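Residue numbers (my numbering): 1 to 139. We treat Cβ as the ideally placed atom computed from N, Cα and C, and that holds for glycine. Please read these numbers as outputs of a predicted model, since none were measured by experiment.
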């Protein structure tokens, strides 16, 4: 039997486009991913000034890291989106692009505006935690 994570939505809190919490069944392994940055294959940040395209590249890079770890977007149980801006519309632009990539997988998330991120011209970063079925331990 495959274990499934579940998302918890609230009838008592504001209706939002993400779950308020996730439940990970016992026996599943948690994978913690470093912030996915909008870096191309050459280690550069393309799409200077474009929050939407950088957010989409963060998701694409996260998908690759997930795959290499034996997981997929559907296994993500939490994200944190960091956006370098002082303008709420930029946060919303990045958020909308990331939510679009996740589709109906309405993972609990935190969206934060920050003053600066680590790479020159970087506007968005996406952190994630995923849960996968535990691997049998060998003796």
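Residue 56 counts as buried, since no fewer than 16 other beta carbons sit within 10 angstroms of its beta carbon.
DSSP places residue 93 inside the alpha helix (DSSP H), whose first and last residues are 88-102.
DSSP places residue 83 in the strand class (E or B) of the three-state scheme.
Between residue 36 and residue 125 the beta-carbon gap is near 7 Å, inside 8 Å, which marks them as a contact. Contact between residue 73 and residue 121 does not hold, since their C-beta atoms are separated by about 26 Å, which reaches or exceeds 8 Å.
When C-alpha distances from residue 112 are compared across 93, 101 and 100, the shortest belongs to 93.
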